[in-house]
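Heads up: the structure comes next, in structure tokens.
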Amino acid sequence: MTPVMRGESPAVERQVGVAQPDVDLFHYEHLLDDDERNHLHVLRSILREEVRPQVGEFWDREEFPFDLLPTLARAGLGNLVLGGHSRLFIGLAYAEIARADISLSALVGIHNELVLGLVNELGSEDQKARWLEPLKTFEAIGCFALTEPDHGSDIAGGLETTAERDGDEWVLTGRKRWIGAGTFADFAIVWAKDTTDGQAKAFIVETDRPGWSATKIHRKMGLRIMQNADIELDGVRIPGENLMPGGDGFAAANVKLRDSRAWVGWQGAGAQMAAFEIARDYALQRRQFDRPLAKFQLVQGDLAKIMSNLSSSMALMVRLAQLQEGGTFDMVHAALAKATSTAAARESAALARNILGGNGVLHDYEISKIMNDVEILYTYEGTHEINSLIVGRAVTGQSAFV
Ligand SMILES: Cc1cc2nc3c(=O)[nH]c(=O)nc-3n(C[C@H](O)[C@H](O)[C@H](O)COP(=O)(O)OP(=O)(O)OC[C@H]3O[C@@H](n4cnc5c(N)ncnc54)[C@H](O)[C@@H]3O)c2cc1C
1 MTPVMRGESP AVERQVGVAQ PDVDLFHYEH LLDDDERNHL HVLRSILREE VRPQVGEFWD
61 REEFPFDLLP TLARAGLGNL VLGGHSRLFI GLAYAEIARA DISLSALVGI HNELVLGLVN
121 ELGSEDQKAR WLEPLKTFEA IGCFALTEPD HGSDIAGGLE TTAERDGDEW VLTGRKRWIG
181 AGTFADFAIV WAKDTTDGQA KAFIVETDRP GWSATKIHRK MGLRIMQNAD IELDGVRIPG
241 ENLMPGGDGF AAANVKLRDS RAWVGWQGAG AQMAAFEIAR DYALQRRQFD RPLAKFQLVQ
301 GDLAKIMSNL SSSMALMVRL AQLQEGGTFD MVHAALAKAT STAAARESAA LARNILGGNG
361 VLHDYEISKI MNDVEILYTY EGTHEINSLI VGRAVTGQSA FV
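Heads up, the sequence shown is in UniProt numbering, so the first residue is 1 and it goes up one at a time.
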């Protein structure tokens with residue numbers, strides 16, 4: 001008996017005589033129309049066969065698999081948000097890429113929600129003409145630079161990076177931290193405080209400008225494929241037209257952070273799909289006490305709990321997609337869904353890891369990678385506590401922030 005290992009596509013020996021359902025127990029994907037469902041299946045098989053088997057080595061080495069970008073583009077992941085898809089399709093696609101690899105799903109989510117979507121919604125006609133087409137195929141990569149070394153959760157009121165108008169130019173000075181793809185992006189959307197009116201504003205900063213430097217953050221416990229960077233802006237001069245016209249004030253950032261929070265909720269669902277399938281396949285194959293682990297009631301209890309977490313997260317995310325379509329989507333929905341799905345993902349990954357026993361601690365079996373990656377989901381795009389406080393404010397009318 002050979003346990004299931006990373007990179008293999010095992011023909012699992014079904015030991016218990018009943019059909020094992022797909023991870024989508026409640027058939028959420030059947031809410032898609034035929035075209036989108038077919039598209040999702042194509043995307044899933046590309047990710048399962050061409051992406052998932054390759055990423056483990058890159059994760060171990062903290063390297064980004066640049067050669068996979070054309071594959072992600074072929075799967076349509078470079079242009080989800082402007083591609084005319086339903087919000088449910090976009091969400092299920094985010095879950096599928098997270099099921100294959102959470103770091104790459106971070107790239108895809110930031111790319112779509114915080115770069116492509118933001119240039120489209122807040123950018124000038126010139127900015128759109130320059131960046132949108134190459135972004136859609138990953139020929140250009142952007143990053144979203146908001147967080148700073150001294151301001152994470154309180155960044156809305158704490159921006160220290162400054163933008164000073166000097167004739168036809170802006171001069172940007174400050175530091176950013178944790179910026180995903182910051183080491184290799186072609187440009188960054190940088191949030192800085194206008195020294196004249198004190199307002200937060202968004203600027204497009206090409207990363208080859210003098211004064212820009214990016215240093216890779218090493219030794220992360222999770223999301224190791226995603227290259228996060230410390231950024232220094234040392235009097236970086238950009239033309240006046242690099243100001244994003246729609247990015248005047250933090251309200252614009254908040255609208256996009258609402259959308260990106262929803263994406264992280266889908267990441268939590270996708271991570272649980274992978275955790276469930278790894279744990280179930282292992283439980284069916286691994287034998288102890290002369291029978292498969294899947295025969296033991298305590299193991300079945302844990303698998304049922306993972307499926308319960310996954311299905312509940314999916315239910316929340318599917319409803320969120322409907323609210324997004326219907327125009328009644330609010331920050332409280334995004335905050336609650338993100339906090340719930342990522343907390344569930346954390347629990348599900350730990351339960352799945354335990355089902356693999358000692359093998360569960362080896363990166364070779366994929367689940368320890370997932371367990372580490374979901375820690376990041378719990379923290380970025382608003383920590384669990386900050387999202388809980390957003391829900392708390394909505395349900396009590398009392399803000400804990402002021
Ligand atoms: C791998 C990774 C990738 C990231 N990618 C990006 C990116 O691409 N672009 C970007 O701009 N940012 C990015 N971030 C930054 C991320 O959004 C921040 O890490 C996050 O907002 C938390 O900020 P912080 O790390 O400074 O923690 P802090 O704000 O210092 O929080 C520390 C702890 O205190 C808690 N806390 C803070 N305030 C309160 C409060 N009022 N009540 C209760 N508890 C509180 C927090 O919940 C947390 O547990 C990334 C982060 C990571 C780790």
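Note that beta-carbon positions come from the ideal geometry of N, C-alpha and C, so glycine has one too.
Check: Span of the beta strand (DSSP E) around S213; Outcome: W212 to K216
Check: Distance cut-off 6 Å: N228 Cβ against heavy atoms of ligand 1; Outcome: yes
Check: Residues near G240 by beta carbon distance below 7 Å, same chain, minus five either side; Outcome: D168, E169 and W170
Check: Check: T147 C-beta below 6 Å from any heavy atom of ligand 1; Outcome: yes
Check: Residue of R346, V395, A269 and D290 minimising C-alpha distance to L92; Outcome: A269
Check: L146 and K256 closer than 7 Å at C-beta; Outcome: no
Check: Status (buried if at least 16 other CB within 10 Å, exposed otherwise) for F289; Outcome: exposed
Check: Through-space distance from D281 to residue 404, alpha-carbon basis; Outcome: Residue 404 lies beyond the stretch modelled for the chain, which goes from 1 to 402, so this question has no answer here.
Check: Pairwise C-alpha distance: A294 and N354; Outcome: 13 Å
Check: Check: T137 C-beta below 6 Å from any heavy atom of ligand 1; Outcome: no
Check: Alpha-carbon spacing of T215 relative to R177, whole angstroms; Outcome: 10 Å
Check: Every unbroken alpha helix (DSSP H) within the UniProt domain "Acyl-CoA oxidase/dehydrogenase middle" (143 to 236), with a cutoff of 4 residues, ordered by chain; Outcome: 155 to 158
Check: With 16 other Cβ atoms within 10 Å as the buried cut-off, status of A11; Outcome: Interpretation of A11 is limited by its pLDDT of 39, a score under 50 that renders its predicted location unreliable; the figure taken from the coordinates is listed afterwards. The residue in question, A11, is exposed, as its Cβ has fewer than 16 Cβ neighbours within 10 Å.
Check: Identity of the residue in F401, Q300 and F138 nearest Q20 by Cα; Outcome: Q300
Check: Reduced DSSP secondary structure (H/G/I, E/B, other) of L362; Outcome: coil
Check: Contact belief for N242 with F203 at Cβ below 8 Å, rounded distance in angstroms; Outcome: 5 Å
Check: Start-to-end residues for the alpha helix (DSSP H) that takes in D373; Outcome: I367 to T379
Check: Stretch pair the segment 53 to 61 + the segment 360 to 375: three plus CB contacts closer than 8 Å; Outcome: yes
Check: S153 CB to nearest heavy atom of ligand 1 below 6 Å; Outcome: yes
Check: The segment 123 to 131 in contact with the segment 94 to 105 per 3-pair CB rule at 8 Å; Outcome: no
Check: Paired residues, beta bridge with L243 - DSSP; Outcome: F203
Check: From P149, V55 and D259, residue whose alpha carbon lies closest to that of M317; Outcome: D259
Check: Within 7 Å, strictly: CB atoms of V205 and A188; Outcome: yes
Check: Residue closest to L107, alpha-carbon to alpha-carbon, out of F66, M226, Q267 and Q285; Outcome: M226
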